[in-house]
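Enquirer: Note that the numbering used here numbers the sequence shown so that position 34 is 34, with each residue one more than the last. Using N, Cα and C, we set each Cβ at its ideal position, and we do this for glycine too. Shown below is the structure under consideration.
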Amino acid sequence: QLAQREGLFVGQSSGAALKGALDVATESERGVIVVLLPDGGARYLSTALWK
Numbered sequence: 001q002l003a004q005r006e007g008l009f010v011g012q013s014s015g016a017a018l019k020g021a022l023d024v025a026t027e028s029e030r031g032v033i034v035v036l037l038p039d040g041g042a043r044y045l046s047t048a049l050w051k
């Protein structure tokens, strides 16, 4: 979804980080949530994930 909706080509670690941030945001009543996306998707192009 990050690639399709936001144009961010990221890897699995970034997806996990975003999931954690979304979980925190869902449980928080207010505030600012910051998430760092630690990897790119280029290294996964040769895997079955992108076929």
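1) Name, in chain order, the residues that DSSP records as bridge partners for G40.
2) Alpha carbon to alpha carbon, what distance is there between A16 and R30?
3) For G31, name the three-state secondary structure that DSSP assigns.
4) Using the Cα positions of G11 and A25, report the straight-line distance between them to the nearest angstrom.
Expert: Based on what the coordinates show:
1) If you number the sequence shown from 1, residue 40 lands on position 40. Partner(s): V10.
2) What you label residue 30 is simply residue 30 of the sequence shown in a count that begins at 1. What you label residue 16 is simply residue 16 of the sequence shown in a count that begins at 1. Going from the Cα of R30 to the Cα of A16 covers about 22 angstroms.
3) Walking along the sequence shown from the start, residue 31 turns up at place 31. Coil.
4) Here residue 11 is taken as the residue at index 11 of the sequence shown, counted from 1. Here residue 25 is taken as the residue at index 25 of the sequence shown, counted from 1. Each residue's alpha carbon lies about 21 angstroms from the other.
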